[in-house]
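Have a look at the structure below before the remarks.
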Amino acid sequence: MPPGQETTPLVGFALPAFPTRIYSRLQPKVSTGNLVKLQHARRAKAHGTPNHGRATGVTLLELLTVLAVIAVLLVVAVPSFVSLTQTNRVAGEINALSGDLQFARAEAIKEGLPVSICASSNGTSCLGATTSTWNTGWIVFSDANGNKVVNAGDLVLRRQIPWKSTDTFTAADGSGNAVGAVSYSRDGFAINLAGTVTWTLHTQPVNTAAGRCVILNIVGRQQVQPC
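Here the sequence shown stands for residues 2 to 228, where the numbers follow this note's numbering.
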């Protein structure tokens with residue numbers, strides 16, 4: 002700096018101002034419509050509102066994957082469910098007969114007179130001693146003369162209504178002869194029984210694993226087993 006020349010401290014400085022025309026050209030062009038859309042999008046994002054302008058859904062691959070998983074579950078689960086349903090139904094049907102056989106024997110011992118159980122479709126009379134079908138229902142009755150027929154004065158003690166299922170339930174003795182009635186004596190023995198009586202229950206449709214049998218011997222004892 003030349004001697005004798007004073008300096009003034011620099012307090013601030015200003016950038017040269019752009020002309021208004023040049024500055025406006027540097028601004029991005031935003032139309033009124035686009036500005037409104039931008040404002041709506043910002044508001045939707047702030048309030049968690051879904052943007053309906055964007056397509057949503059699943060892809061074809063995702064849909065096929067879900068369908069494949071459902072198909073596998075059906076193949077595995079449906080047979081198991083059917084088998085479980087049949088097993089539970091058979092258990093109920095077998096337990097009904099087993100319980101009534103025990104009841105008939107206990108009543109014969111308690112009352113000191115014969116008590117019979119026979120296949121019946123009307124709840125008042127027997128279908129016959131040589132009838133093998135028991136899914137039509139049965140009755141337990143006091144049988145004073147032990148002839149396995151409901152006579153005047155005989156009292157029906159229990160009734161089993163016909164089954165709603167199509168399961169088959171048949172009875173035969175040790176020689177294969179049909180059995181439609183069984184009588185218990187006052188000492189609890191089965192009267193005039195040829196060896197054993199077997200009630201065989203098969204499901205419809207047939208499921209061998211769910212089949213059950215009730216086997217009654219001459220002394221009046223029974224057992225339930227697969228058959």
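Quick reminder that beta carbons are idealized off the backbone N, C-alpha and C, glycines included.
All values derive from a computational prediction rather than experimental measurement.
Determine the direct distance from the alpha carbon of E63 to that of I95, and round the result to whole angstroms. The C-alpha of I95 lies about 48 Å from the C-alpha of E63.
For L158, which of T204, G124, R90 and T86 has the nearest alpha-carbon? G124
I'd like to know whether the C-beta atoms of A120 and G138 end up nearer to each other than 9 Å. yes
According to DSSP, which residues form a beta bridge with C119? I140 and A182
Express the C-alpha separation of I118 and T199 in angstroms, rounding to a whole number. 14 Å
Burial state of D188 (16 or more Cβ within 10 Å): exposed
Leaving out five residues on either side along the sequence, give the residues of the same chain with a beta carbon under 7 Å from the beta carbon of A97. Closer than 7 Å at the Cβ level, and outside the excluded window around A97, lie Q161.
Looking at S81 and E112, is the spacing between their C-beta atoms short of 9 Å? no
Whole angstroms is fine: what's the gap from L232's alpha carbon to V207's? Outside the shown range of the chain, which is 2 to 228, sits residue 232, and nothing can be said about it.
State the start and end residues of the unbroken beta strand (DSSP E) segment that holds W135. Looking at the DSSP string, W135 is not in any beta strand (DSSP E), and its letter there is neither H nor E.
Identify every residue that forms a DSSP beta bridge with N218. T197
Among the residues of its own chain, which have a CB less than 6 Å from the CB of L85, if the five just before and after it don't count? none
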